[in-house]
Structure formats: structure tokens, C-alpha cells
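Asker: Okay, here's the structure, questions in a sec.
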Amino acid sequence: MSPLIYGRGNGLFNKRSMQIPSIIRSAREWGYVGYVGKGSEEWDHVHVLDLAALYELLLAKIVSGVEVPSGKAGIFFSAAGRHSWRALANSIATAGFKLGILKSNKAEEISIEQAASAWTHGMLDFVEPGFGSRADLAKELGWEPEKIDADWQETFLDEWQS
């Protein structure tokens, strides 16, 4: 399972993530940012350029003949940070408020059905999972994410302005 991938990509095709823009679209419609339940479930995040750097590193090692773990031992996670869904929602609300789009910088609790309808085309199972991973294996190969918490926070303003 991948973490939440954020930030602007520089590839030829899709340059945006899914989760943050979906939450922002619903916030524009509702006038507030929502989160499900207590919002305490946690999820990892990684900037798309850091994820691309991991793919590049893996490919370079494979092409140069370096043995990299495979099979069950070769599951590479790319977590660079972790957030709760409530913290994510509040960060999005703060950015929307700062830009004058929202009237409040606080996110609000919503039902799982409302979230599923707005964010996952009604699929309840995908609304608020918690998932944590460790990027130990990737770091053993030399991967080190360059994007920091300030980049994570900056992405919320960027996504509102997209």
C-alpha cells in the first residue's frame, strides 16, 4: 500500500495527487473541510519527487547489477512523514482560510457516508484507513527523502490555488 503521495509531479501525464485535491473539491462545495470520525487514524506521506527518486535509485541499482531484495523481502515503502486524517484536514482548512476561501480554519467531523460519496465514489472501505509503514529497506539502499515538513505544509496552499 502506498502512502499519500503529495506535491506537483514533473512528468508528462498526471501531475497531481488524488486525496488532497478530492478533499479540497468537497471543501469548496461544502464551505468547510471534513474528516471522518475522530480523524485519529494515521497514514504516511511522501512527496512525488522523493518517490520518483526511490524508483530511479532502484532502477539504477538493478541495471548496474547490484542485487536488491525481491519477493517478500523486496517490498519497498517510501514513507517520509506521517499525519492523522484530522491533522491533514486541519492543515487543508488552515490553508483555505488563509487564502480567504473558507470562513474557518478548523475542519469538521463528517459521516463516513458523506466522505465516501465525495471522495471515493461511494466506496466506504477506502474512506478512512490507517496505515503505517517504514522506509527502512529503501534507506538501506541509499534513499533519503529531500522534502521536509515545510514542503508538506506548503502543498496545501499550492493545491488550493490549482
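Reminder that position 103 of the sequence shown reads as 103 in UniProt numbering, one-by-one numbering, no gaps. Ideal placement from N, C-alpha and C gives every residue a C-beta, glycine not left out. Please read all numbers here as calculations on a predicted model, not as lab measurements.
1) Please name the residue in Trp119, Ala60, Met123 whose C-alpha comes closest to that of Gly34.
2) Name the residue from Ile92, Arg82, Ser104, Gly39 whose alpha carbon lies nearest to the alpha carbon of Arg25.
3) For the alpha helix (DSSP H) that Val36 lies in, which residues bound it at each end?
4) Could you have a look at Gly71 and say whether DSSP puts it in helix, strand or coil?
5) Could you check the C-alpha separation between Gly156 and Ile20 for me, to the nearest Å?
6) Looking at the unbroken alpha helix (DSSP H) that takes in Glu154, where does it start and where does it end?
7) Determine whether the beta carbon atoms of Ile62 and Val68 lie at a separation below 8 Å.
8) Using a Cβ-based criterion (distance less than 7 Å to any ligand heavy atom), does Val33 qualify as near the ligand GDP?
Answerer: According to the data block:
1) Walking along the sequence shown from the start, residue 34 turns up at place 34. Looking at Trp119, Ala60, Met123, the one whose alpha-carbon comes closest to that of Gly34 is Trp119.
2) Sequence index remark: in the sequence shown, residue 25 carries index 25 (1-based). Ranking the options by Cα distance to Arg25, first place goes to Ile92.
3) Taking the sequence shown and counting its residues from 1, one reaches residue 36 at position 36. Bounds of any alpha helix (DSSP H) do not take in Val36; it lies within the beta strand (DSSP E) bounded by 34 to 36.
4) If you number the sequence shown from 1, residue 71 lands on position 71. Gly71: helix per DSSP, three-state reduction.
5) As a working mapping, residue 156 is identified with position 156 in the sequence shown. As a working mapping, residue 20 is identified with position 20 in the sequence shown. The residue you asked about is not Gly; residue 156 is Phe in the sequence shown. Ile20 has its alpha-carbon roughly 8 Å from the corresponding atom of Phe156.
6) Position 154 of the sequence shown, counting from 1, holds the residue named residue 154. Note, Glu154: alpha helix (DSSP H), 149 to 161.
7) In the sequence shown, the residue the question calls residue 62 occupies position 62. In the sequence shown, the residue the question calls residue 68 occupies position 68. Going by beta carbons, Ile62 and Val68 fall inside the 8 Å limit.
8) With respect to small molecules bound, the structure shown includes none, and the ligand GDP cannot be examined in it.
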